[in-house]
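Visitor: A single structure is presented below for examination.
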Amino acid sequence: MGRDDGPRVHVPEQRAPERRPGDDTDLRFSVLGPVRARRGGETLPSGSPQQRALLTALLLRGGHTATAAELIDALWGDEPPSQALAAVRTYASRLRKILGPQTLASDSGGYAMRTGPDAVDVTVAEELAAGADKARAAGDRSRARALLNKALALWDGEALASVPGPYAENQRTRLEEWRLQLTETRLDLDLEVGCHAEAVSELTALTAAHPLRERLRELLMVALYRSGRQAEALAVYADTRRLLAEELGVDPRPELAQLQQRILRADEELARPADDPTPAAAPVRPAQLPATVPDFTGRASFVRELGERLATAEGSVMAVSALAGIGGVGKTTLAVHVAHQGRKHFPDGQLYVDLQGAGSRAAEPETVLGAFLRALGTPDSAIPDSLDERAALYRSTLDGRRILILLDNAHDAAQIRPLLPGTTGCAALVTSRVRMVDLAGAHLVDLDVMSPEEALQLFTRIVGEERINSERKAALDVVAACGFLPLAIRIAASRLASRRTWTVSVLAAKLADERRRLDELQAGDLAVKATFELGYGQLEPAQARAFRLLGLADGPDISLAAAAALLDLETHAAEDLLEALVDTSLVESAAPGRYRYHDLVRLYARSCAERDEEPPVKRELALSRLLDFYLATAAGVYALERPGERVLDHFSRTAYPGLVFQVREAALDWLFTESSGLLACARQSATIGMPRPASDLLMAVVDLAESGANSHQFATAATSVAQAAEAAGEAQAEARARTMLSHVHSVSGRFAEAETQAIRALNLGRLAQDPVSQGQAPNQLGIIALYENRHEDAESHFSQAMTAFRADGNKPGEAAALCNLSRVHLATGRTTSAVRLAQRGVAIYEDDATGLALRLANGKYALGLALIGSRQTAGAQNVLLEALRIFRESRQQLWHGMTLFRLAELHLAEQEAPQAAAHAEQALAVLRGIGGDWRRANVLTVLGQALAVIGQTDRAQVCWSEALSIFEELGSPEAETVRRLLDPAAVA
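FYI, in the working numbering the residues of the sequence shown are 86 to 1073.
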């Protein structure tokens, strides 16, 4: 063995892939992760670790030449091997064979990489970051965020992973710091555009990974404060101050201390973006006003009066003007016209909503507030659950802005009070059929019918002067017969304008009947009916039938396919009729393929149906066809989500077919788009003598109960169906409706109500010998008992459910009971049998279902819990992640959130506190508005435990305090566990 000054280097032989001329243009290099080279779609061999270190040193020099000495220093530092120069040359030769001589060039005793401007990922990231800086400086936060996200997405784990040498180590540190800086900048932008709730989870994980990085702590405090979590934000400061004192012996930097003081003062400026109240990334400058009519006529004094009120809104608090009058008097037309004229006084936007106050089901204020907050740029995850919280956030969001709110068709003052702005600069216009005498501070305007001159002017503008001038007397007779009601005049004039062979006298003669000429003192619904009678009487027979029957359906609107079913027509024939009705202004086209009535027109259409559809069975048959269509289609969606489910065989037989979906995504789109119509149909059908298929429809659309957005509507519909079935003596229908009512109560965390309904459902199911409710009701009772830690009761209920499912041949139902029984075994320490039971359930699902079946996800969720209990954490994480994917794709918000919660528990058990905190934060965000307080308290408990482990003990105490408050209010036994966590001795 010869004499050496250091270790010798062995360079393995490598073979380069065959390369074609011109391939160098396809070369791409990655250093923001494992160092890789690619040509087209092919990954090229990069050799030994030292050879990758050489490639790294050349790539990061930006095309500049590196001498041999510099490369030796980069690879080995102060202790190079004796044959270092030979090794460098060998590495370079091998790389040249792989990459091509044009790419790796020899230059003045050294080497240089000749690559394109976008060939190296770090160069691309630098260009994206520079572009983000420019976009942010120009005020385009949306583009800046997008560019930064693209830059950060280029990282694939640790930069220069497993590359040896001092140069790579230094660059790895530099790139990681740069990555953190980019992340901080992007998170700062997130907060500027109002995405604070989404940022909390990421910031929690980052502060755990980098506990001494004060900028991350500052961003987390702001994100928590803007999410309504002031106590946690202050706790972050306390944690930071303690940590810095213990680790470094220093106090927090002044910016952090100042932020704490601002939070203590509840600084309103801190509650929104500091520089720009209308960030570019969110739709915070709404322009929702409907189009004004081009032939607006008269009302000059009202336009002037209301316009002056809007012009002075900047100096007054709650500038509200409330217009009242009978239906069809032109309240909306006037309000929209005035709003458009006053837009210049409200540069920050205009909001509009139809509150549906004249109908039987007025819009709920919390729903409207949710839509307004989204339009103002508030992310879904930041919108609170309760009406009071939403109203408070809405007023805070409007503070400092000049926005006009048009609240159309209000039911009463109570409906609109939460929707009113509370600060200067904003104004509201309200229209309603009732006078808002109990709306404090409102400027009341009573809108009467038009004067004869205004009515004639409107009529002339629509029909045309040429036809009116020769028949002025007849025209006056027409507008008088319309009661000078603007909506009536518009319909009559539009009909005359579309019939060139008619004279004005012909139209006047049609209106000669005094039943159609009610004066203003007798106005109201009768005046509106007289006006609609004009249009209705001129419809073709098929159009008139469609008009009558479509008005029977209770939903807010109706799809073309559903309308075709109700009318018993082919789709194209139904579309022709509906479009003809749209042309007459009797029906509105809400969107392509969707139709709706003005609420007064719907009432009139129903009166026509009651009068003209003889015998009455025709009306019942129409609604029966609609119910059949909805039930058949929903059953098909249910089958796609739950293949092999036996409950479908027990549904009522449908005489009318539904839609058939081949793609699961399209089926779910239909289900959630039609949710309001489906639930309205179930409710209506039960009240007119069809409770059994109505209860089946509820079961078919059970996914709506678990989605969050539709839970309240689902509960209302289930209650109506149960009551109607009880009144009709339909035990089976009542049992199924109460089973669904129990389910939706359980989903919302109302366990006492859920148990009451499930017990009634089970008794009724036995009475009716209904296999569906005899299986599902005890299963539901078992779930409730499990949540309440009544394990013996739960086991009994699940065993009873399993017996019923087996008797019915319902394999998926049996699997559900097995998986639920697994959770009882787990809770009582029988982990081995818990795993075995869950595996049996999953096996049944896999035999009968596709890999995407929703039921399979439920089974994997139970199996994941059992595997956690038996300490098989790797397997548990895999099955929970698979369940999470299916729940997310199925839009099951409740189970999506609960699976995130279970993953948080798993990571906490594995002492992976940062990951646990991140998953718990995500669970809180997903479970907003669904799951109830009990589930939220459980997530808060785990979040607090994770925060305590990563040193954020003050914030942990805030989480536990909130959880304890919830558990104590509910009387839950979990309260004792949280009390122990809050004990300082337990935390230490």
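Note that the Cβ used here is the ideal one computed from N, Cα and C, for glycine as well.
1) Drop a sphere of 10 angstroms on the beta-carbon of Lys945, count the other beta-carbons inside from all chains shown, and report buried for 16 or more, exposed for fewer.
2) Would you report the Cα separation of Leu789 and Ala719, rounded to the nearest angstrom?
3) Using the C-alpha atoms, what's the distance from Ala902 back to Gly936?
4) Residues in the same chain with beta-carbon distance under 8 Å from Val672, minus the five sequence neighbours each way, listed in chain order, please.
5) Suppose the cutoff is 6 Å on Cβ atoms and the five residues either side in sequence are ignored; what does the same chain contact list for Glu605 look like?
6) Using a Cβ distance threshold of 8 Å, determine whether the region 266-280 contacts the region 209-228, with at least three qualifying pairs required.
7) Between which residues of its own chain and Pro364 is the CB-CB distance below 8 Å, once the five residues before and five after are set aside?
8) Go to Gln435, then tell me how far its beta strand (DSSP E) extends in each direction, as first and last residue.
9) Specify, as a first and last residue, the run of the beta strand (DSSP E) that Ser1144 falls within.
10) How close, in whole Å, do the beta carbons of Pro897 and Gly729 come, if the pair is a contact with beta carbons under 8 Å?
11) Within 10 Å of its beta-carbon, does Pro379 have 16 or more other beta-carbons around it, so buried, or fewer, so exposed?
12) Below 8 Å, how does it come out for the region 1035-1046 and the region 292-308: are there three or more Cβ pairs, yes or no?
13) Inspect the CB distances between the region 422-432 and the region 536-544 and report whether three or more fall short of 8 Å.
14) How about Pro503 and Ala525: are their beta carbons less than 8 Å apart?
15) Can you grab the Cα-Cα spacing for the pair Asp40 / Leu712, in whole Å?
16) Alpha carbon to alpha carbon, how far is Leu305 from Val909?
17) Indicate whether Glu931 and Leu922 have their beta-carbon atoms separated by less than 8 Å.
18) Tyr682 by DSSP, collapsed to three states: which one?
19) To the nearest angstrom, how far is the alpha carbon of Tyr872 from that of Gln1042?
20) Counting only the same chain and skipping the five closest in sequence on each side, list residues whose C-beta sits under 8 Å from that of Leu782.
21) Excluding sequence positions up to five away, which residues of its chain have a Cβ less than 7 Å from the Cβ of Arg845?
22) Measuring CB to CB, does Val116 end up less than 8 Å from Asp206?
23) I'd like the list of long-range same chain contacts for Asp89, defined as Cβ closer than 6 Å, with 5 residues on each side in sequence excluded.
24) For Asn905 versus Ile868, is the C-beta distance shorter than 8 Å?
25) Measure from the alpha carbon of Thr377 to the alpha carbon of each residue in Ala407, Phe387, Val421 and Ala385, then state which is nearest.
26) From what residue to what residue does the beta strand (DSSP E) around Thr509 run?
27) Where Gly774 and Ala813 are concerned, what is the direct C-alpha to C-alpha distance, given to the nearest angstrom?
28) Going by C-alpha to C-alpha distance, which of Arg696, Ala159 and Leu274 sits closest to Pro134?
29) Under 8 Å between the Cβ atoms of Tyr479 and Leu454?
30) Tell me whether Asn874 is buried or exposed, calling it buried when 16 or more other Cβ atoms sit within 10 Å of its Cβ.
31) Classify Asp531 as helix, strand or coil using the three-state DSSP reduction.
32) Is it true that the CB of Asp241 sits closer than 8 Å to the CB of Pro119?
33) Over the uninterrupted alpha helix (DSSP H) stretch that includes Ala308, give me the two end residues.
34) Exposed or buried, which one is Leu966 when buried takes at least 16 other CB atoms within 10 Å?
35) Output yes or no for whether 8 Å exceeds the beta carbon distance between Glu990 and Val1027.
Guide: Once the coordinates are examined:
1) buried
2) 11 Å
3) With a pLDDT of 43 at Gly936, under the threshold of 50, the modelled position of that residue is not reliable, and the figure given next carries that caveat. Rounded to whole angstroms, Gly936 to Ala902 spans 20 Å at the Cα level.
4) Phe632, Leu635, Leu663, Leu666, Tyr680, Arg681, Tyr682 and Val686
5) The predicted model places Glu605 with a pLDDT of 25, which falls under 50 and marks its position as unreliable; any figure quoted below should be read in that light. Taken in chain order, the residues that qualify are Val534.
6) yes
7) In this predicted model, Pro364 has a pLDDT of only 39, less than 50, meaning its place in the structure is not dependable enough to derive any value.
8) Gln435 to Asp439
9) Any answer about residue 1144 is impossible in this case: the structure gives the chain only from 86 up to 1073.
10) 5 Å
11) exposed
12) yes
13) no
14) no
15) With the chain running from 86 to 1073 in the structure shown, residue 40 is simply not present.
16) 39 Å
17) no
18) coil
19) 24 Å
20) Leu712, Tyr715, Leu716, Ala719, Leu763, Cys766, Ala767 and Ser770
21) Arg823
22) yes
23) Reliability of the predicted coordinates at Asp89 is poor, the pLDDT of 38 falling under 50, and no value is obtained from them.
24) yes
25) Val421
26) Premise fails: Thr509 is in no beta strand (DSSP E) and is neither H nor E.
27) 8 Å
28) Ala159
29) yes
30) exposed
31) strand
32) yes
33) Glu299 to Arg311
34) exposed
35) yes
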